[in-house]
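If you use our numbering, the sequence shown corresponds to residues 9 to 337, in order. Here a beta-carbon is modelled for each residue, glycine too, at the ideal position from N, C-alpha and C. In what follows, a structure is listed as structure tokens, so that the remarks can point back to it.
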Amino acid sequence: METRIYNIDGHSLALAKKIIESGGAVAFPTETVYGLGANALNDEAVRGIYAIKGRPSDNPLIVHVHKDYDLSSLVDFIPEYSKELAKAFLPGPLTMVYRSSKKVSPVVSCGLDTLAVRIPSHEGAQEFLKYVDLPIAAPSANISKHVSPVTAQHVFDDLNGRISCILDGGKCSGGIESTVLDCTGDVPCVLRSGLVTRDMIAQVAGECDEYHMVEGEKVRSPGMKYKHYSPRCMTRLYSYSDRFEALREYTECKKRGLKAYIMCDDGVAEELKINDVLKLGADESEIARNLYDKLREGEQVAEIIIAVAPLKQDGVMVGVMNRLSKACG
Ligand code: TXA
Ligand code: MG
């Protein structure tokens, strides 16, 4: 199968619609990462996504809809706090989990009685969702367990030959996947942290819990138990306070003739004065935006990426650190 990257216009949208309607999958941009979308109402189409990615069949998918889509047909009950959150943050990088009305294919939620729904803000995503006029099940458009894609080229690098159409919406502005929020209880609960932080949610909803996996307990968000976001080279992760340890390992690696790179924020790069550096940026939104891009750049040039965690660990950095520690796990 030939894989092509298309600018988003009338021609490519018509092509994308045709592919989706015939049960195929299309890669499309969102403000977080690129998604690999298929018709959420069609069992075979949704199974196709798992096959293309090599995704474990017990890790449920998020359904993406246009901002004017009537959610009440997809889900059973939307609590008041979730309506407030939607007003505050949607369209945007917040996915909410509800009791499913069972309208979409059971393959989407892997047999769970809940459904994760997301309304992305990216203009290209909105155009695509409006044009196809169907709920679209979509995971990130990478090979399972690899780093999520934030450019059309990243999608191509992973899925060349496996899909025919990649809609190009430029580099994703957010850079890490959406916050996944369980809205089935009296209090919302963060299952996966992201750009909409727990504090931001609590400010609107009054309170907000955060889920932590407990050994031996059934996982509430199956995606959490898998190794994720891994670049195809060796990796190490140091805390900010151990940054000079990281520098020592870098120097050791260089002595042994290894292609080593340090990945860190601009401040640490300045301080350590290293040649081979993958700079993440100066502030938290830059760091989130560049994380996957730099991990993918790193795996092309480095035999080992030695990452130094940013000093700041709260807010958006909770989501960044979660990805960084899984990538360098
Ligand atoms: O930003 C994003 O969310 C991107 C873009 C493409 O929208 N999508 C994405 O999808 O990151 P994926 O498949 O890589 O991650 C989906 C996450 C997984 O951790 C999965 O376990 C969780 O959402 N999830 C999906 N349905 C769920 C459900 N019914 N209950 C709990 N967690 C669910
Ligand atoms: Mg993913």
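| Query | Result |
| --- | --- |
| Output needed for Glu52: all residues of its chain with C-beta closer than 7 Å, excluding positions within five of it in sequence on either side, in chain order. | Gly31 |
| Rounding to the nearest angstrom, what Cα-Cα distance links Leu189 and Val324 in this structure? | 15 Å |
| For Asn150, report the span of its beta strand (DSSP E) as first-last. | Note, Asn150: premise wrong, no beta strand (DSSP E); not H, not E. |
| Grab me the residues of Arg107's own chain with a C-beta within less than 7 Å of its C-beta, minus the 5 sequence neighbours each way, in chain order. | Val83, Asp84, Phe85, Asp121, Thr122 and Thr192 |
| What do you get for Gly169, buried or exposed, if any count of 16 or more other CB atoms within 10 angstroms of its CB means buried? | exposed |
| Regarding Ser156 and the ligand MG, is the C-beta to nearest heavy atom distance less than 7 Å? | yes |
| I believe Arg304 touches Ile174 by the beta-carbon criterion, under 8 Å. Please report the beta-carbon distance rounded to the nearest angstrom. | The pair is not a contact, with the Cβ atoms about 16 Å apart (cut-off 8 Å). |
| As an exercise, report each continuous alpha helix (DSSP H) stretch of at least 4 residues that is fully enclosed by the stretch 85 to 135, in chain order. | 88 to 97 |
| How is Cys261 classed by DSSP in three states: helix, strand or coil? | helix |
| Return yes when the C-beta of Glu341 is under 7 Å from any heavy atom of the ligand TXA, and no when it is not. | Absent from the structure is residue 341, since the part of the chain shown begins at 9 and ends at 337. |
| Would you grab the beta carbon distance between Tyr269 and Ala310 for me? Rounded to a whole angstrom, and I think it's under 8 Å. | 4 Å |
| So, at 6 Å on beta carbons, what are the nonlocal neighbours of Glu253 in its own chain, with the 5 sequence-adjacent residues on each side left out? | Tyr246 |
| Considering Asn330, what are the terminal residues of the alpha helix (DSSP H) in which it resides? | Val324 to Ala335 |
| Considering Leu288, what are the terminal residues of the alpha helix (DSSP H) in which it resides? | No alpha helix (DSSP H) contains Leu288, which DSSP labels as neither H nor E. |
| What residue range is occupied by the uninterrupted alpha helix (DSSP H) comprising Ile184? | Unbroken run through Ile184: none, as it is neither H nor E. |
| Check whether the Cβ atoms of Val41 and Cys180 lie closer than 8 Å to each other. | yes |
| Under a Cβ-count criterion, where at least 16 other Cβ atoms within 10 Å of its own Cβ denotes burial, should His19 be classed as buried or exposed? | exposed |
| Phe97 to Ile27, Cα distance in whole Å? | 31 Å |
| Excluding five sequence neighbours on each side, which residues of the same chain lie with their C-beta closer than 6 Å to the C-beta of Ala124? | Ile70, Thr103 and Val105 |
| Going straight from the alpha carbon of Pro318 to that of Ser333, what length do you get? | 12 Å |
| Since Ile312 contacts Arg244 with CB under 8 Å, what's their CB separation in whole angstroms? | 7 Å |
| Can you give me the C-alpha to C-alpha distance between Lys61 and Asn47, rounded to a whole angstrom? | 16 Å |
| Starting from the Cα of Pro68, find the closest Cα among Arg228, Tyr248 and Thr205 and give me that residue. | Arg228 |
| From Leu255 to His162, what distance separates their C-alpha atoms? | 29 Å |
| If distances are taken between C-alpha atoms only, which option among Lys287, Arg55, Lys111 and Pro101 comes closest to Val198? | Pro101 |
| Could you name the residues of the same chain whose beta carbon sits closer than 6 Å to that of Ala290, not counting the 5 residues immediately before and after it, in chain order? | Asp274 |
| Going along the chain, which residues of its own chain have a beta-carbon closer than 7 Å to the beta-carbon of Glu10, five neighbours each way excluded? | Ser172 |
| Met271: which of Leu286, Gly224 and Ser90 sits nearest, CA to CA? | Leu286 |
| Can you grab the Cα-Cα spacing for the pair Gly202 / Asn15, in whole Å? | 28 Å |
| Residues bridged to Ser8 by DSSP? | The requested residue 8 does not occur in the structure, where the chain is confined to residues 9 to 337. |
| With DSSP run on the structure shown, which of helix, strand or coil describes Gly45? | strand |
| Tell me which residues share the same chain as Asp301 and place their Cβ nearer than 6 Å to its Cβ, disregarding the 5 neighbours each side in the sequence. | Val158 |
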